[in-house]
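Chains A, B and C, in that order, give the protein sequences. Position one of the first sequence corresponds to residue 1 (my numbering), numbered consecutively onward. Position one of the second sequence corresponds to residue 1 (my numbering), numbered consecutively onward. Position one of the third sequence corresponds to residue 1 (my numbering), numbered consecutively onward.
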Amino acid sequence: MNPAMTGGGGALRRFPVGRLVVVAGALGVIAYAAIIPIGYLLRGTFWDGRGLTLEFFRAAYSAGGLGSMVANSLLFSFGATVVAVTLGTLLAFLFARTDVPGKRFLFAASLVPLIIPGILNAVAWIFLASPRIGLINSWFEVLPGSPRFDVFTLPGMMLVEGLHLTPLVLLLMTAAFRAVDPALEEAAIMSGARGPAILRRITIPLVRPALLAAILIMAVGALESFEVPAMIGIPGGVWVFTSRIWRALSGFPADFGLAGAYSISLMGLTLVGLVLYYLMLRRSRRFETVSARGFRPHIMSIGRWRWAGLGFVSAYLFVAAVLPLLILLYLSTQPFYSVPTIDRIADASFTNYGEVLTDGRTLRSLRNSALLGVLAATIVMSVTAVAAWVITRTRLRGRWLIDGLASAPFVVPGLVMGVALLFVYLRSPLPVFGTIWILLIAYVTRYMPYGMRYSIAAMFQVGRDLEEAAHMSGATWWQSFRRIMIPLLVPGLLAGWLYVFLVSIRELSSSILLYTPGNEVLSVVIFSHWDNGEFGNLAALGVLLVIGLTGLVLLAQRLGVQFGARE
Amino acid sequence: MTFEGVAPVLQVTDLAKSFSDDGKDVRAVDSVSFEVPAGTLLTLLGPSGCGKTTTMRCIAGLERPDAGSIHIDGRPVFDSGGRINVSPQDRGIGMVFQSYAIWPHMNVYQNTAFPLEVAQRRNRLGKREIRQRVHDVLERVQLDGLARRPATDLSGGQQQRLALARALVMEPRILLLDEPLSNLDANLREDMRLELKQLQRRLGLTAVYVTHDQAEALAMSKYVAVMNNGRIEQLGRPREIYERPATAFVAEFIGTANFLPGHIVSREPGGAYLVSCAAGRLFIPAAADLAVGEAVTVAVRHEQITIEKGAAPGAAWTGVVAARAYLGEAIDHVVDVGGTRVRVRGNPAISIPPGTPVTLTIAEHGATLLPAEEG
Amino acid sequence: MRHRAIAAGLALLVVGAGCAEAPTARSTQPSGPVPDATLVVALQDELAGLDISARRARLVELARDEEGVTTFYTSMTVDDSSALADAFFDAYGIRVEIFRANSGRVLQRLLQEFDADFAAADVVALGGLEMEVLHDEGILAPLTTPAAADIIEGAVFPSWIGVYVQTFVAAWNTDRLDGGAVPETWEEVLTNYPTGLAMELEDFDWFAALVQDYFVAELGYTEEEAIDLFRQAAATATIVDGHTLMSELLAAGEFDLVASAYQYRVARIDESGAPVDWEPAIEPLVFRPNGVGVHVDADTPASTLLFVDFLLTEGQSIIADLGRTPASTRLPDGLPEGYDLLPVDVPALHADRAKWEALYASIVESSSGTVVSD
């Protein structure tokens, strides 16, 4: 590949031992984590114990209702993506590039839905927009002939999933808008272009790579999401891939082949998305350098539109954060659910909170979740930091494979990951089944792709010369990595750490299949409250969880600001 | 000030602009006034943070000044009193950015044609005319033949030319150039400097040029305004600025000089003074009205002093070479003159080892009198 | 380098997958209980012939040495199963860990663990049909205990014993359906409430019993006609995963009525003041035993058997206090009295399980309240 590296074992000989150990360790973790679930899935789907077979595919694709299931899946993913990308990009633009009032607070508040676990979001929306007991419908009931919102429909599912995915788009697109050199837009102004023309011809094309990435991530996220299809889709009769997989796994006998066939189809769709993404990206590849550096973005004065912007942001916040949290708050103070009235609100009690806070299982799950979140985030970020270093800083042949492997779990839905790990580790000599460590393996595997993106982005921010200066000062590879690279990478890695921590705490679809008694995590306890119809306890736990996580995020941001200021 | 009776295309009057930084108000531009006559190039020269770029961005309309007025062809485009603020698109100004701001998602042709394509409908040219104009301007900057090339495939010098072509294609009344050469390497920079100057002359462009490079300023401009702390310290022809710096800042910033503290010994006929400084006495012409005994600073440029071996008696300064440095096209000697260090730049053929006694001669009009430095 | 990476990947793949057969290759366990002398089998041999008090004394003695935790896999709601576990702890000082999920999910988990030779569960309590599957797979040890003496007829099997009875009822929200709107027959339940009806996702046993033993046997429908009735109801009904959830949502007013709630749950919610009722009942009432059994690989056999005996004796009154229907004939809180009752014929339905489960799944999974459908 590179003429300088063709000298036999030259590449390896130039790797000092310490570096070799660390790099090999990290790559080993990545390869192991990625290959297990995917290998299992392929084997289980195409191997029936005697030989290769396509029988499971035939079964999967001859089942009734298949056409509508595929159509529903694609429409659901498409709709949720449109909602999330449109809202998220608009919000990001308002926050990053305009003088809309109260930006700092509103930006932070807009990230709240990221903190609300998917299961709480789904529960909240059932109580908000169910056609019969939905709070929103009870408001509109007084108006004759008013519309009825029915969450148990495909559009309802799209909206609930889309609103929940919006903050991630907001984060991705804010970074993209901030990375655009303001001079590029000023040059357009000086060329005589006005607002809309600048947006259409300069700004949007420049953030196109980020926009494509956001679209891809949202589309895959929606395709693989479990909570909304299971809790809203099944009652509404809207079946998608993930709910089919869930059903295939809970019948008797559980149909792993069928689940596998659906999963592989889902992965196939994801891969099609990935290929489309790279094809479209290739056209924008050549100006990727644009986003390498941060700038003080050009803040546009949008005049009276500021208030329209503020209105839009407030409406988003009200619908995506305030309403769900309010209904949870209300639920948490009631013994059983009924449409809120003044009397019911006056009868509020904190009994549910008392129950939740004294329940041994809940407290144990809190400890487990916190421990797993911290460990998963730490492992993911350390391993991917080393891998990202190898990818961006060495000429090791086959380094593309590392990125590919680390990103591979991206296409494996959480449920499938759960089945695969359950299957493998029940039989593995490694005694992890029946402990919380199997959940740790699941989280590390699932969130490795996200950690990888954060780490590579962070690595690009640190100039190669800083590291070379350390080598010239006589530092060994490990010293320079630990004392120069890590501190400089900390702000970027910390952001990734926080993200992995949050999503690990929220994770449900693998956990539900992998937990054992005594090793429950918070999301599992919340799900079992739902199963048991204990809405009050569920909501109380949810409210406490959201408050706790919000506090943690604020604390981290404060720390992050200090980290940033030190540079 | 007015320049030789030619009507100014650009008039900037009492311009002021503050930024708040960490709650503190920083006066980035402080009552700046100047005019640029048609077909001339004026340079705003100064160190980073002196306000030159902010001044330029105010002219462009990218920043809104706090006070003052800006007129183009006698019509106000900004007037804090009359509450006029014409949008940048309507000022008829072309601009070349420091980073070039070449749009990476467009090719050379698309970059250049953009200003014509987004023109207001009533002024918009037909497709054919646009193609012709783009072709002409690309030819003028020697980029013809690269029209279909992706902009990001261009070299630094080519990108610079493309930025220029894009600014020129709409035939602006005024061209603003924000450190356009600072991203080029040294050799290319000198070539481009010359090219840019020729182009400006040939097209008769009225231009404002911002730079921190004094050589660039002196070589390119008809007029130079040296800025410091948001104010113009001195405005004049390059030669004037170089030879008769009005302040110590200008003298120090433009070229390299020795600053020697001294005082007036006597006033001589013909508007000159006899000044005594640490290194010795000398006659210096000056227009200012100074009293005998008043403290002053004497500025003597390094290349205005000649060095000879041996101690010659008389008015000349004598000393001993303390150090020397070979610079290729010149050689610097640091000479100890009665305890004061004087730097001398001369022909590299004359190299004198340290410890050798020498005589220094200051060229006629080689020294400038400046107000005494504070402290 | 690339070759090396690929080789390493393949090696890992082999390690990962090689330690197991293909997941879809169903292991062929011999039918019926495994005669292996596992701990719990051996212990039962030792205890054979002891009367209930001697047996208990011996078990208490042996359990003292086990110092383990007994793990209880069940579909009984967490609040009720932990009430039983707590009472057991108070009586014997032995801790019980609970794994609770829907019947189907618990069954699935047990099968997967057993396939992998991993025995986490000691005691299992699920619906009768699930217990039969476990029996066939050889996961349950043969169970004989004098504590079974008072259990109702037809609920004592070789490897599991009925512990409580689950009665299905149609229930409605009294705010949504007042007096005249309340259905009186199953036909009305299935036809008169196109949008207000909710059905459970996995109740194939209830479905099979009603179709075969009521619609076909008593009303003279053909099987196709009866199934069609359910299919049409499900086409517009809301499908809910879980009985408890279904009852709570009924109380909240999400549905007008539900087709197959658990009677004890509806009664309990009714008592708490929520607007639900199941009486006058839609007859016949389908009921099914839920059983308890012992995992063949239970690693704390004495504690395990002690807990099973406890569930079948003292536990019965706790179950009654919880408002459930105990399987003991000694207690007055038996099945709802004065109603036409229809038992699920567990062995017969078990033999025919594949058919009825698939049939019910096809009915509820074709439900679609949306514009997109085949």
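Note that beta-carbon positions come from the ideal geometry of N, C-alpha and C, so glycine has one too.
Which partner residues does residue i have in the DSSP bridge list?
i: F72/C; result: I98/C and V123/C
i: N258/B; result: V300/B
i: G280/B; result: C277/B
i: A198/C; result: T238/C and V258/C
i: K17/B; result: V29/B
i: Q11/B; result: E35/B and H71/B
i: A288/B; result: DSSP, once it has assigned bridges, lists no residue as partnering A288/B.
i: G457/B; result: Nothing about residue 457/B can be reported from this structure: the residues present for chain B run from 1 to 375 only.
Please report the residue range of the beta strand (DSSP E) in which residue i lies.
i: F168/C; result: W160 to N173
i: N290/C; result: L285 to V294
i: M95/B; result: I93 to V96
i: S260/C; result: L257 to Y262
i: I331/B; result: I331 to V337
i: H71/B; result: A67 to I72
i: W497/A; result: No beta strand (DSSP E) holds W497/A; the alpha helix (DSSP H) holding it covers I486 to R506.
i: W317/B; result: W317 to Y326
i: T359/B; result: P357 to I362
Just checking my contact of residue i with residue j at CB under 8 Å: how many whole Å lie between their CB atoms?
i: H333/B; j: R341/B; result: Not confirmed; about 11 Å, so no contact.
i: T203/A; j: F226/A; result: With 8 Å as the limit, T203/A and F226/A do not qualify as a contact, their Cβ atoms being about 36 Å apart.
i: L133/A; j: A252/C; result: A quick correction: the sequence has Ile, not Leu, at residue 133/A. Right, the Cβ-Cβ distance comes to about 5 Å (below 8 Å), so this counts as a contact.
i: V123/C; j: V292/C; result: 7 Å
i: V296/C; j: E132/C; result: Going by Cβ atoms, the distance from V296/C to E132/C rounds to 15 Å, so no, they are not a contact pair.
i: F107/A; j: F95/A; result: 5 Å
Could you tell me the alpha carbon to alpha carbon distance between residue i and residue j, rounded to whole angstroms?
i: W305/A; j: I84/B; result: 22 Å
i: R268/C; j: T167/C; result: 14 Å
i: T359/B; j: F253/B; result: 27 Å
i: L129/C; j: H350/C; result: 6 Å
i: I198/A; j: G260/A; result: 48 Å
i: C58/B; j: L235/B; result: 19 Å
i: D66/B; j: T54/B; result: 12 Å
i: L134/C; j: T333/A; result: 41 Å
i: L439/A; j: A219/A; result: 25 Å
i: G551/A; j: I30/A; result: 32 Å
i: V419/A; j: V444/A; result: 16 Å
i: Q461/A; j: V525/A; result: 40 Å
i: L114/A; j: A321/A; result: 10 Å
i: E218/C; j: A209/C; result: 12 Å
i: R43/A; j: M452/A; result: 27 Å
i: L172/A; j: L205/B; result: 44 Å
i: G196/C; j: L372/A; result: 43 Å
i: I72/B; j: D14/B; result: 15 Å
i: A155/C; j: N519/A; result: 34 Å
i: L135/A; j: P289/C; result: 39 Å
i: R558/A; j: L494/A; result: 12 Å
i: G230/B; j: G157/B; result: 31 Å
i: A17/C; j: A222/A; result: For A17/C, the predicted structure reports a pLDDT of 39, less than 50, and the residue's modelled location is therefore unreliable. The matter cannot be settled from this model.
Note the first and the last residue of the continuous alpha helix (DSSP H) segment covering residue i.
i: H471/A; result: R464 to M472
i: S243/A; result: F241 to S250
i: A367/B; result: Counting along the chain, A367/B falls outside any alpha helix (DSSP H), though it belongs to the beta strand (DSSP E) covering A367 to P371.
i: W356/C; result: R353 to E365
Inside the segment 202 to 243 of chain B only - alpha helix (DSSP H) runs reaching at least 4 residues | Whole alpha helix (DSSP H) segments, 4+ residues: 214 to 220 and 238 to 243.
Members of the segment 473 to 499 of chain A near chain F, C-beta cut-off 7 Å = Of the protein chains in the structure, A, B and C, none is chain F.
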